[in-house]
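First up is the structure itself, then whatever we jot down about it.
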Amino acid sequence: MKHLNRFFTFLLAALLVMALLVAPLSAQDEVTLTFGISSGVDTLDNTATTFSSVEIIVGHVFDTLVKQQPLGTYHPGLATSWSVSDDATEYIFELRDDVTFHDGTPFNAEAVKYTFDRIVDPDTKSQMAFSFIGPYAESEVLGDYSIAVRFSSPNAAFLDGVSHPQLGPVSPTAVEALGADWGFSGIVGTGPFVFESYVPDSEVVMVKNAYYSWGNADVFGRGGPTDIDRLVFKILTDPGTRLAALESGEVDMINGVPGLDVARLDESEDFVVTQYDQAGHGYSFMFNQIKSPTDELAVRKAIAQAIDIDIMQDIVYDGLGSRACSALTKSMFGWTDAFCQANPYDPDAAGAILDEAGWVMNEDTGIRERDGAPLTIEHWSPDRPLSAATAQFLAEDMAALGVDFQINLADIAAYLTVVRAGEHNTQQWWDTQTDPDGVFRTLYHSSNAGGGTNRNNYQNADMDAMIDAAVGIGDLEARAAAYADIQQKLADEVVMVYFNDPVVLYASTPDVHDVTILGGGFVPNFYSATMGM
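Residue numbers (my numbering): 57 to 589.
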């Protein structure tokens, strides 16, 4: 009862403050922009989400200490300036003194410390934010608007980390008041939009922060309030439904444009199509190394060499993007073409590898066996069209190899339950990142195994040391060489198979203008947007 009373007291106070933030408008005057987003939501808690797509949504509610645009170039955000120690173990940020959270809580160094400490608290179950914050040791409040952030080892990637809304400061007042409801019934940040509502699997609605005055004009072309009064994110995971919503006028803009419709839309005067090379980690295939038989190198290597990735580009990806070579997409620092021929397609060699490992074809069943047990792979993915198409393609190549490839397509909750528990053999993956450390730490560092984003459950002390060392290297040439060594080790151990470096496709009506694309092409930000012909 005390929790409920505290919650409702907070809610009433917050609503009063938010009512002041939102300028009254008639429905006729209200400018609404509706975006059809291709992926769902696990939580709107910026510090706990595991979905890259949630960054698109929460980036409008949570400001960041720094802004990154383009990749590798940093601008002031909630921090006006910063300094970095020579060994990259300490960052000192000077903060704006004129910022208020949407619930009226003052923004200050204590709020930043609260946010960072909360990320590393095991009770938060932070995943992406945990990777972005790196080897965090502590934050020290030096003054109301000055904070030192310290790390247990060098962290040259931290400016990249704090440019993502997953590390955006949260209102301590709101988090404590909402408790377990934080991220579902409410979120409170300092951004240009104020959270209004969330209907799971349907939409997220936010409204203009009418008193927002701390935007970065160098990044967004404005510093004051947005022109958009109401911003709606329609969750439309089916490509056909999403496209139909655009063509019917239900939404103004979409991502994830179906590849077969790109040319038609591009030729139409009714729509505008834009595309960006996605930075981060492309479409790929995880092997869970704590479950048999994918704990066996021979099985992983054979499967990798049995997949016709070149043919896959047209059949699964509609000829969009390009064949992947490694854990980094081609637009990422540290990418090299040295790994494009690692584990090449060779079904005969794949079969020979399994023969040598004792997995012998049963001619009656068409399935390989060893010691009487079939070679069975339990594959799990969200029940979405691209996931289904990928799984079906893989199943055909696996059947030719003699693998019993069991496809499990499930809703998000069921899928996450299985893969976080390590009950899968394989799963599909993609992720948007803007620094190589984010890719390697998220997917291959032991700290993210056992229920985290490292669903390979790849736990290798040498790899951990390589990742931790690389992020502390200031010299770019030396850092690139360190990342090449990491990619070589991943190829040798066949930790994953890399399919496609995607392009991010957007389509909008001609009414939509001035959208800022962040996050290496993946994150549209509508703070700068305008509407009108």
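Glycine included, C-beta positions come from ideal geometry on N, C-alpha and C.
Go ahead and pull the three-state DSSP assignment for Gln361. If you number the sequence shown from 1, residue 361 lands on position 305. Assigned with DSSP and collapsed to three states, Gln361 falls in helix.
Kindly indicate the opening and closing residues of the alpha helix (DSSP H) around Lys386. If you number the sequence shown from 1, residue 386 lands on position 330. Looking at the DSSP string, Lys386 is not in any alpha helix (DSSP H), and its letter there is neither H nor E.
Using only CA atoms, which one of Thr99, Ser564, Ser503, Met519 lies nearest to Val255? Within the sequence shown, the letter at position 199 stands for residue 255. Among Thr99, Ser564, Ser503, Met519, the Cα nearest to that of Val255 is on Thr99.
What residue from Tyr130, Asp143, Thr88, Asn211 has the CA that sits closest to Asp524's CA? As a first step, residue 524 must be located in the sequence shown, where it is residue number 468. Among Tyr130, Asp143, Thr88, Asn211, the Cα nearest to that of Asp524 belongs to Asn211.
Exposed or buried, which one is Ser182 when buried takes at least 16 other CB atoms within 10 Å? For the purposes of this step, residue 182 is taken as residue 126 along the sequence shown, with counting starting at 1. Taking every protein chain shown into account, the CB of Ser182 has 16 or more other CB atoms within 10 angstroms, so this residue is buried.
Quick one: Cα of Leu450 to Cα of Gly271, how far? Stepping through the sequence shown from its first residue, residue 450 is reached at position 394. Stepping through the sequence shown from its first residue, residue 271 is reached at position 215. Distance between the alpha carbons of Leu450 and Gly271: 46 Å.
Assess contact between the region 152-164 and the region 286-305, defined as three or more Cβ pairs (one per stretch) separated by less than 8 Å. Is contact present? Cβ pair count under 8 Å is below three, so no.
Residues bridged to Ser340 (per DSSP): Translated into positions along the sequence shown, residue 340 becomes position 284. Beta-bridge partners of Ser340 (DSSP): Trp485, Tyr554.
For Gln515, the nearest candidate out of Val553, Glu549, Ser502 (CA to CA): By one-based count along the sequence shown, residue 515 stands at place 459. For the residues Val553, Glu549, Ser502, the minimum Cα distance to Gln515 belongs to Ser502.
For Pro221, does the three-state DSSP call read helix, strand or coil? Looking up residue 221 in the sequence shown gives position 165. Reduced to three states, the DSSP call for Pro221 is helix.
Which ranges would you report for the alpha helix (DSSP H) in the region 514-571 if only whole runs of at least 4 residues count? If we require 4 residues or more, the alpha helix (DSSP H) runs fully inside the region 514-571 come out as 517-526, 532-548.
Candidates Ser219, Phe276, Thr156, Gln489, of which the one nearest Asp570 by Cα: Within the sequence shown, residue 570 is the residue found at index 514, counting from 1. Nearest of Ser219, Phe276, Thr156, Gln489 to Asp570, Cα basis: Phe276.
Any idea what DSSP makes of Gln369, helix, strand or coil? In the sequence shown, counting from the first residue as 1, residue 369 sits at position 313. Residue state, collapsed to three classes: helix.
My output table needs one value for Ala79: the three-state DSSP class, helix, strand or coil. On the sequence shown, position 23 is the one that residue 79 refers to. Because the pLDDT at Ala79 is just 49, under 50, the model does not fix this residue reliably, and the value given afterwards should be weighed accordingly. Residue state, collapsed to three classes: coil.
Using C-beta distances below 8 Å, list every residue in its chain close to Thr103, excluding the 5 sequence neighbours before and after it, in chain order. One-based indexing of the sequence shown puts residue 103 at position 47. So the qualifying residues of the chain are Thr171, Arg174, Ile175, Thr180, Ser182, Ala185, Gln222, Leu223, Val226.
Ordered list of beta strand (DSSP E) runs contained in the region 217-297, each at least 3 residues: As summarised for the region 217-297, the continuous beta strand (DSSP E) elements at least 3 residues long and confined to that stretch are 249-255, 259-264, 286-291, given in chain order.
Name the DSSP beta bridge partners of Val579, please? The residue given as residue 579 occupies position 523 in the sequence shown. Val579 has Leu574 as its beta-bridge partners, per DSSP.
Determine the extent of the alpha helix (DSSP H) in which Thr171 is found, giving its start and end residues. One-based indexing of the sequence shown puts residue 171 at position 115. From DSSP, the alpha helix (DSSP H) with Thr171 extends over 165-176.
For Gly414 and Gly506, I'd like the C-alpha separation in whole angstroms. Taking the sequence shown and counting its residues from 1, the one referred to as residue 414 is at position 358. Taking the sequence shown and counting its residues from 1, the one referred to as residue 506 is at position 450. If you take the alpha carbons of Gly414 and Gly506, they lie about 29 Å apart.
Below 6 Å CB to CB, which residues in the same chain sit around Ala79 once its five sequence neighbours on both sides are set aside? Here residue 79 refers to the residue found at position 23 when the sequence shown is read from its first residue. Low confidence applies to Ala79: its pLDDT is 49, below 50, so where it sits in the model is not reliable enough to give any reading.
Does DSSP put Met184 in a helix, in a strand, or in coil? Taking the sequence shown and counting its residues from 1, the one referred to as residue 184 is at position 128. In this structure, Met184 counts as helix in the three-state DSSP scheme.
State whether the region 320-333 contacts the region 493-501, with contact taken as three or more CB pairs (one from each stretch) at a distance under 8 Å. Contact between the region 320-333 and the region 493-501 is absent, with fewer than three C-beta pairs closer than 8 Å.
Cutting at 7 Å between CB atoms, please list the residues of its own chain near Glu259, excluding the five before and the five after it. On the sequence shown, residue 259 is found 203 positions in, with the first residue counted as 1. Excluding five sequence positions before and after Glu259, the CB atoms of its chain that fall closer than 7 Å to its own CB belong to Val288, Phe289, Lys290, Ile291, given in chain order.
For Ala413, three-class secondary structure by DSSP: Mapped onto the sequence shown, residue 413 falls at position 357. In this structure, DSSP gives Ala413 a state outside helix and strand, which the three-state scheme calls coil.
Over the uninterrupted beta strand (DSSP E) stretch that includes Ser202, give me the two end residues. The residue given as residue 202 occupies position 146 in the sequence shown. Its beta strand (DSSP E) spans residues 202-207.
Which value, in whole angstroms, describes the spacing of the CA atoms of Leu127 and Leu410? Translated into the one-based positions of the sequence shown, residue 127 becomes position 71. Translated into the one-based positions of the sequence shown, residue 410 becomes position 354. So the two alpha carbons sit approximately 43 Å from each other.
Residues in the same chain with beta-carbon distance under 6 Å from Ile148, minus the five sequence neighbours each way, listed in chain order, please. If you number the sequence shown from 1, residue 148 lands on position 92. The answer, listed in chain order, is Ser139, Ala204.
Can you pull the DSSP bridge partners for Asn102? Taking the first residue of the sequence shown as 1, we reach residue 102 at position 46. Beta-bridge pairing links Asn102 to no other residue.
To the nearest angstrom, how far is it from the Cα of Gly338 to the Cα of Thr136? Start at 1 with the first residue of the sequence shown, and residue 338 comes out as number 282. Start at 1 with the first residue of the sequence shown, and residue 136 comes out as number 80. Going by the C-alpha atoms only, they are around 34 Å apart.
By the three-class DSSP mapping on this structure, what secondary structure does Thr586 have? For this step, residue 586 is matched to residue 530 along the sequence shown. Thr586: strand per DSSP, three-state reduction.
Three-state class that DSSP yields for Glu196 in the structure shown: Stepping through the sequence shown from its first residue, residue 196 is reached at position 140. If DSSP states are grouped into helix, strand and coil, Glu196 belongs with the strands.
My guess is that Gly235 and Phe207 are in contact by the Cβ rule of under 8 Å, so how many angstroms apart are they, rounded? Along the sequence shown, one-based indexing puts residue 235 at 179. Along the sequence shown, one-based indexing puts residue 207 at 151. Going by Cβ atoms, the distance from Gly235 to Phe207 rounds to 30 Å, so no, they are not a contact pair.
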